[in-house]
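Chains as they are written, first to last, in the UniProt record's numbering: chain A, 1 to 545; chain B, 1 to 545.
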């Protein structure tokens with residue numbers, strides 16, 4: 001809590017580090033690269049600036065719009081590729097087509113779970129720096145702190161209209177809500193799909209959640225009725241600075257699969273409406289669509305895919321919706337000056353492998369894990385007449401780079417804070433010049449607050465157990481062994497020391513710029529129509545605090 | 001041996017089963033399908049015949065040529081796909097391009113190892129029916145029996161010129177040699193890459209074969225010097241009916257990695273020469289190229305791929321060679337009337353996963369295994385102006401279908417024998433009409449002589465242990481669970497009985513048409529210039545027989 005009270009003071013202080021003439025503070029590893037490539041990058045950057053100015057001039061002085069689509073829990077290869085479609089027995093023709101219209105980032109690293117990936121994209125930082133871990137399903141009284149400077153906040157400063165539709169998962173406290181973090185308008189659920197789709201009578205009957213709903217079992221010894229989350233707020237809508245309003249739920253109403261499906265449909269309709277709204281304005285826009293599907297834990301009454309699994313089938317459905325959204329963008333007349341990014345936030349929920357229809361397709365592991373299967377996702381970027389169609393890049397990219405790169409393209413780099421470490425690298429040169437122009441060859445991979453592995457070039461070291469030397473760390477070549485199953489002892493013997501140096505550089509920067517803490521507060525503040533059961537849930541939650 | 005002596009008699013007998021008016025004898029499962037779809041297929045077949053006649057008329061009355069390229073030990077996804085290229089850090093642009101020019105068969109099943117897959121393609125039958133298992137690296141005195149009627153034999157009857165270049169692996173007895181099995185000309189090694197690439201001083205030093213060559217260790221207790229294969233015949237060349245001649249090896253010469261690389265280069269040059277020869281003739285041709293690469297067990301002095309593993313790097317090299325071959329086909333003027341098939345014979349040598357640079361990319365398992373990783377391979381078929389470019393089919397195909405389908409297209413169906421079970425299904429309708437026109441939804445998967453699994457539609461049952469009921473068999477949905485790791489008990493409960501019925505139908509047909517036996521004889525007969533060490537090896541081999 002000490003840091004949290006200190007932070008606003010820090011921001012108000014006119015320290016040299018806050019001057020926008022100061023360089024962005026990057027991690028030690030990036031400086032290590034800049035020492036080797038700085039001159040070359042400076043030359044490239046002058047060309048990048050010229051090209052961005054040219055693009056802006058060709059669009060009436062407007063920087064590009066952004067449509068950022070983030071799909072939940074889909075592993076690398078599970079969308080956007082016909083061959084893998086055949087392997088899985090699903091069809092994603094719209095995403096496949098989008099992939100052919102732009103750049104496929106073949107080494108996009110995310111964080112291993114929903115909350116951290118989204119925080120990294122929003123803040124340009126590893127979420128651990130703001131104390132953010134995966135936000136739990138129930139009440140937590142925590143969330144993305146106001147002290148973080150989000151991408152929509154800096155884009156707004158550069159004149160952008162902003163809107164968020166869909167999953168948010170950044171906490172249940174007022175400062176964490178999207179309309180308090182840079183979005184002009186937002187529709188989002190307070191929690192996530194575990195509450196919304198897994199904790200339903202239908203999912204219980206589908207045998208995935210036996211015991212959650214009271215009908216699931218008859219327990220005469222039961223005391224605590226709040227061990228099973230209760231009375232949680234569902235979907236809300238709000239405008240920047242205003243109160244959020246829960247919609248489509250009456251007091252005492254039971255949340256069901258049908259209501260979840262309605263919510264998904266509603267977000268799809270709302271993203272179309274928001275697109276229409278922002279496209280009609282003169283200002284550039286940043287529109288964010290974070291669908292809840294494919295997550296869903298009930299088999300469809302009528303499968304639309306050959307696979308039929310409850311995630312796979314909804315992924316195919318979602319593909320059609322994305323097609324509709326891209327069509328609407330086309331019809332809006334703004335497609336040519338809009339950068340579309342579509343990616344996943346992390347790997348599949350491997351816990352439901354088999355029944356969900358998704359599986360560890362290429363990389364091992366999934367959501368929550370530092371393995372490639374947890375943190376490698378598909379990412380497609382379309383920028384008409386700028387990014388070459390059907391191109392691909394094997395350069396390493398981290399989701400936090402979206403922050404720094406979009407800021408650069410929007411002309412908003414000056415608004416990136418200079419008082420903290422920014423992990424996101426400006427990758428604009430890669431987008432403009434293609435493969436081989438990436439500016440990172442490393443990624444630090446966390447699971448929550450724990451650094452679990454370090455990626456450098458084609459090598460990946462899983463951190464050794466505490467106290468063990470670097471030579472004891474299993475090290476993999478991700479080209480030869482994408483499933484990280486054959487550590488070669490020789491690798492660690494030569495690379496162990498270099499990897500440990502990387503860890504040290506990273507730790508020294510943390511010592512210099514210590515982590516701040518997650519935002520905390522009373523859950524559900526700023527919601528104007530809390531249901532009685534939500535009030536009760538909050539009271540129970542606060543009972544011991 | 002009884003069956004083997006009976007077989008020639010059977011063939012000479014003018015039994016009704018031998019009349020070419022008689023239908024081809026297929027397995028029970030196919031008849032089960034024909035009972036459901038026969039009328040529809042008859043209608044389709046009339047259209048297929050009309051279309052084939054039309055194609056022939058458009059080509060001066062000539063049926064199409066065939067160029068059949070079979071790559072060794074490459075799993076599904078490891079070639080022909082840019083995305084997977086990025087995963088693996090290799091480039092196969094020529095095969096990727098070929099894939100876009102024709103039909104990708106997304107469910108091609110092979111046998112799980114080199115010899116059986118090649119036998120199945122050559123004979124249209126599961127190799128177990130002819131007693132064929134994997135041919136060992138050393139002397140065996142066994143091979144593909146003369147009684148089998150091979151695809152080149154029936155194509156020759158229909159007027160084709162034929163040639164074989166590269167790996168053969170069908171035995172070391174005279175009747176098994178390609179020039180005695182239907183090929184006008186053949187260049188091939190008597191054995192396979194374990195001898196040619198793994199049993200070299202260089203591979204030993206690369207730590208893959210420690211102990212094979214005498215320098216590898218000093219063992220004062222050693223008696224048997226033939227436990228390590230010795231004096232094996234290497235590459236030979238021959239014309240139909242003639243003697244084979246070993247080339248490029250002098251008496252006493254040591255086989256080395258350099259000689260292996262020369263052999264690979266030579267086969268590449270020879271397939272180009274053979275293409276020139278057969279393309280210059282009026283008759284249609286069947287040209288078969290079975291490269292030895294990517295197998296090779298020594299790291300390249302200079303890697304050409306990002307991967308650098310000894311198989312992966314050679315796969316990239318081979319891709320360039322295939323590009324050259326396809327260019328030569330184009331230059332020959334025969335490309336338009338030539339069907340090019342490129343596929344792999346089975347999954348990777350997972351034994352070398354990690355160092356080889358190949359890995360169990362999508363499906364689990366590899367060479368020698370009944371798992372999808374062992375028997376699912378890429379297969380691309382290009383037929384200009386007939387097969388739709390960049391098309392794909394999820395229909396099940398088995399490598400034995402190549403036999404029956406090519407025979408149909410060549411107008412050689414009448415030469416398919418009617419006295420034995422032919423497993424290969426005529427899939428011409430699928431090639432002409434595209435996805436959804438396949439004629440099998442099942443495959444029996446053997447490991448050597450043992451039936452290990454049965455595939456039906458999206459389901460795959462691993463056979464239960466002997467004596468166990470069908471409900472005890474693990475059953476998988478290959479769309480939802482391509483790695484066959486999550487057997488669902490409910491599947492076996494409902495599908496177990498149906499799968500057991502399939503096994504029974506298969507067994508009943510075996511009882512009706514019993515397996516014949518593998519050809520046997522004196523190794524190396526029909527080679528005109530055996531080196532003294534090869535003579536010695538043969539003498540030692542025969543010592544106890």
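C-beta atoms are modelled at their ideal positions from N, C-alpha and C, and glycine is treated no differently.
Since the model is a prediction, treat every value here as computed from it, not as a measurement.
(message) Quick check: what's the CA-CA separation for residue 412 (chain B) versus residue 418 (chain B)?
(response) Numbered from its first residue, the second chain carries residue 412 (chain B) at position 412. Numbered from its first residue, the second chain carries residue 418 (chain B) at position 418. In a straight line, the C-alpha of residue 412 (chain B) is about 13 Å away from that of residue 418 (chain B).
(message) Below 8 Å, how does it come out for the stretch 212 to 220 of chain B and the stretch 500 to 516 of chain B: are there three or more Cβ pairs, yes or no?
(response) no
(request) Return the residues of the stretch 458 to 469 of chain B that lie within a Cβ-Cβ distance of less than 8 Å from chain A, sorted by chain order. (result) 458
(request) Using the Cα positions of residue 24 (chain A) and residue 421 (chain A), report the straight-line distance between them to the nearest angstrom. (result) Reading the first chain from its first residue, position 24 is the one you call residue 24 (chain A). Reading the first chain from its first residue, position 421 is the one you call residue 421 (chain A). Cα to Cα, residue 24 (chain A) sits roughly 8 Å from residue 421 (chain A).
(request) For residue 266 (chain A), go through chain B and note every residue whose CB falls closer than 9 Å to its CB, in chain order. (result) Mapped onto the first chain, residue 266 (chain A) falls at position 266. Result: empty, since nearest Cβ-Cβ is about 29 Å, beyond 9 Å.
(request) Kindly list the residues whose CB is nearer than 6 Å to the CB of residue 164 (chain B), restricted to its own chain and excluding five residues on each side of it in sequence; keep chain order. (result) For this step, residue 164 (chain B) is matched to residue 164 along the second chain. 178, 183, 186, 288, listed in sequence order.
(request) List the residues of chain B that residue 87 (chain A) touches, going by C-beta distances under 7 Å, in chain order. (result) Taking the first residue of the first chain as 1, we reach residue 87 (chain A) at position 87. Near residue 87 (chain A) (Cβ distances below 7 Å), the residues of chain B are 362, 482.
(request) Just confirm the distance between the C-beta atoms of residue 74 (chain B) and residue 206 (chain B), as a whole number of angstroms; I'd bet it's less than 8 Å. (result) Sequence index remark: in the second chain, residue 74 (chain B) carries index 74 (1-based). Sequence index remark: in the second chain, residue 206 (chain B) carries index 206 (1-based). Rounded, the Cβ-Cβ distance is 21 Å, inconsistent with contact.
(message) Please give me, in chain order, every unbroken run of the beta strand (DSSP E) with length at least 3 that falls completely inside the stretch 41 to 94 of chain A.
(response) 65 to 71
(request) Give a yes or no on whether 8 Å exceeds the smallest Cβ distance from residue 96 (chain B) to chain A. (result) Your numbering for residue 96 (chain B) matches position 96 in the second chain. No - not a single Cβ of chain A is within 8 Å of the one on residue 96 (chain B).
(message) Please list the terminal residues of the continuous alpha helix (DSSP H) segment that includes residue 197 (chain B).
(response) Reading the second chain from its first residue, position 197 is the one you call residue 197 (chain B). According to the DSSP assignment, residue 197 (chain B) belongs to no alpha helix (DSSP H), since it is labelled neither H nor E.
(request) Report the three-state DSSP secondary structure of residue 14 (chain B) (helix, strand or coil). (result) The count along the second chain starts at 1 and reaches residue 14 (chain B) at position 14. Below a pLDDT of 50, predicted positions are generally treated as unreliable, and residue 14 (chain B), at 35, falls in that range; the measurement from the model is reported next regardless. Here residue 14 (chain B) sits in coil by DSSP.
(request) Measure the alpha-carbon distance for residue 264 (chain B) versus residue 188 (chain B) and round it to whole angstroms. (result) Mapped onto the second chain, residue 264 (chain B) falls at position 264. Mapped onto the second chain, residue 188 (chain B) falls at position 188. Going from the Cα of residue 264 (chain B) to the Cα of residue 188 (chain B) covers about 10 Å.
(request) State the Cα-Cα distance for the pair residue 254 (chain A) and residue 201 (chain A), rounded to the nearest angstrom. (result) As a working note, residue 254 (chain A) is residue 254 in the first chain. As a working note, residue 201 (chain A) is residue 201 in the first chain. The straight-line gap separating the alpha-carbon atoms of residue 254 (chain A) and residue 201 (chain A) is approximately 9 Å.
(message) Classify residue 126 (chain B): buried if its beta carbon has 16 or more other beta carbons within 10 angstroms, exposed otherwise.
(response) Sequence index remark: in the second chain, residue 126 (chain B) carries index 126 (1-based). By the neighbour-count rule (16 or more Cβ atoms within 10 Å), residue 126 (chain B) is buried.
(request) Starting from residue 262 (chain B), find everything on chain A with Cβ-Cβ shorter than 7 Å and list it in chain order. (result) What you label residue 262 (chain B) is simply residue 262 of the second chain in a count that begins at 1. By Cβ distance, chain A contributes nothing, its closest Cβ being about 27 Å from residue 262 (chain B), past 7 Å.
(message) Out of B:454, B:438, B:450, B:435, which one is the CA nearest neighbour of residue 444 (chain B)?
(response) The residue you call residue 444 (chain B) lines up with position 444 of the second chain. Of B:454, B:438, B:450, B:435, the residue nearest in Cα terms is B:454.
(message) Between which two residues does the beta strand (DSSP E) holding residue 447 (chain B) run?
(response) Along the second chain, read from residue 1 onward, the residue named residue 447 (chain B) stands at position 447. Per DSSP, residue 447 (chain B) belongs to the beta strand (DSSP E) from 442 to 447.
(request) Could you give the DSSP three-state label for residue 300 (chain A): helix, strand or coil? (result) On the first chain, position 300 is the one that residue 300 (chain A) refers to. Of the three classes helix, strand and coil, the one that applies to residue 300 (chain A) here is coil, per DSSP.
(message) With three or more C-beta pairs closer than 8 Å as the rule, is the stretch 456 to 465 of chain B touching the stretch 65 to 72 of chain B?
(response) Output reads no: the stretch 456 to 465 of chain B does not touch the stretch 65 to 72 of chain B.
(message) Please list the terminal residues of the continuous alpha helix (DSSP H) segment that includes residue 496 (chain A).
(response) Counting from 1 along the first chain, the entry for residue 496 (chain A) is found at position 496. Run containing residue 496 (chain A): 489 to 512, per the alpha helix (DSSP H) assignment.
(message) Can you tell me whether residue 414 (chain B) is buried or exposed? The criterion is at least 16 other CB atoms within 10 Å of its CB, across all chains shown.
(response) By 1-based counting over the second chain, the position of residue 414 (chain B) is 414. With fewer than 16 other Cβ atoms within 10 Å, it is exposed.
(request) Note down the Cα distance separating residue 180 (chain B) from residue 271 (chain B), rounded to an integer number of angstroms. (result) In the second chain, counting from the first residue as 1, residue 180 (chain B) sits at position 180. In the second chain, counting from the first residue as 1, residue 271 (chain B) sits at position 271. About 19 Å.
(message) Is it the case that the stretch 87 to 94 of chain A contacts the stretch 304 to 320 of chain A, given that we only count it when at least three CB pairs across the two stretches are under 8 Å?
(response) yes
(message) I need the boundaries of the beta strand (DSSP E) containing residue 288 (chain A), first residue and last residue.
(response) Your numbering for residue 288 (chain A) matches position 288 in the first chain. Segment 285 to 290, the beta strand (DSSP E) holding residue 288 (chain A).
(request) Specify the secondary structure class of residue 185 (chain A) as computed by DSSP and reduced to three states. (result) Numbered from 1 along the first chain, position 185 holds the residue referred to as residue 185 (chain A). Looking at residue 185 (chain A) - three-state DSSP - the assignment turns out to be strand.
(request) Alpha carbon to alpha carbon, how far is residue 352 (chain A) from residue 157 (chain A)? Give it in angstroms, no decimals. (result) Counting from 1 along the first chain, the entry for residue 157 (chain A) is found at position 157. Counting from 1 along the first chain, the entry for residue 352 (chain A) is found at position 352. Cα-Cα distance, rounded: 42 Å.
(message) Please list, in chain order, the residues of the stretch 345 to 358 of chain B that have any C-beta partner in chain A closer than 7 Å.
(response) Per Cβ criterion, the list reads 353, 354, 357.
(message) For residue 71 (chain B) and residue 215 (chain A), what's the separation of their Cα atoms in angstroms?
(response) Here the question's residue 71 (chain B) lines up with position 71 in the second chain. Here the question's residue 215 (chain A) lines up with position 215 in the first chain. Using only the alpha carbons, I get a separation of about 58 Å.
(message) To the nearest angstrom, how far is the alpha carbon of residue 40 (chain A) from that of residue 437 (chain A)?
(response) Indexing the first chain from 1 puts residue 40 (chain A) at position 40. Indexing the first chain from 1 puts residue 437 (chain A) at position 437. Each residue's Cα considered, the two are about 11 Å apart.
(request) Mind checking which residues open and close the alpha helix (DSSP H) that includes residue 408 (chain A)? (result) Taking the first residue of the first chain as position 1, residue 408 (chain A) is located at position 408. Note, residue 408 (chain A): alpha helix (DSSP H), 400 to 410.
(request) Look up residue 4 (chain B) in the DSSP assignment and say whether it is helix, strand or coil. (result) For the purposes of this step, residue 4 (chain B) is identified with residue 4 of the second chain, where counting begins at 1. Residue placement at residue 4 (chain B) cannot be trusted, given a pLDDT of 38 that sits under 50; what the coordinates show is reported in the next sentence. If DSSP states are grouped into helix, strand and coil, residue 4 (chain B) belongs with the helices.
(request) Confirm, please, whether the CB-CB distance from residue 98 (chain A) to residue 380 (chain A) is below 8 Å. (result) For the purposes of this step, residue 380 (chain A) is identified with residue 380 of the first chain, where counting begins at 1. For the purposes of this step, residue 98 (chain A) is identified with residue 98 of the first chain, where counting begins at 1. Result yes, Cβ atoms of residue 380 (chain A) and residue 98 (chain A) sit closer than 8 Å.
(message) Looking at the strands, I want to know which residues DSSP matches up with residue 235 (chain B).
(response) In the second chain, the residue the question calls residue 235 (chain B) occupies position 235. Its beta-bridge partners are B:189.
(request) In the DSSP assignment, find the unbroken beta strand (DSSP E) run with residue 171 (chain A) in it and report its ends. (result) Translated into positions along the first chain, residue 171 (chain A) becomes position 171. Taken as a continuous stretch (DSSP letters only), residue 171 (chain A) belongs to no beta strand (DSSP E), as it is neither H nor E.
(request) Give the residues from the stretch 485 to 499 of chain A that approach chain B closer than 7 Å (Cβ to any Cβ), ordered along the chain. (result) 486, 488
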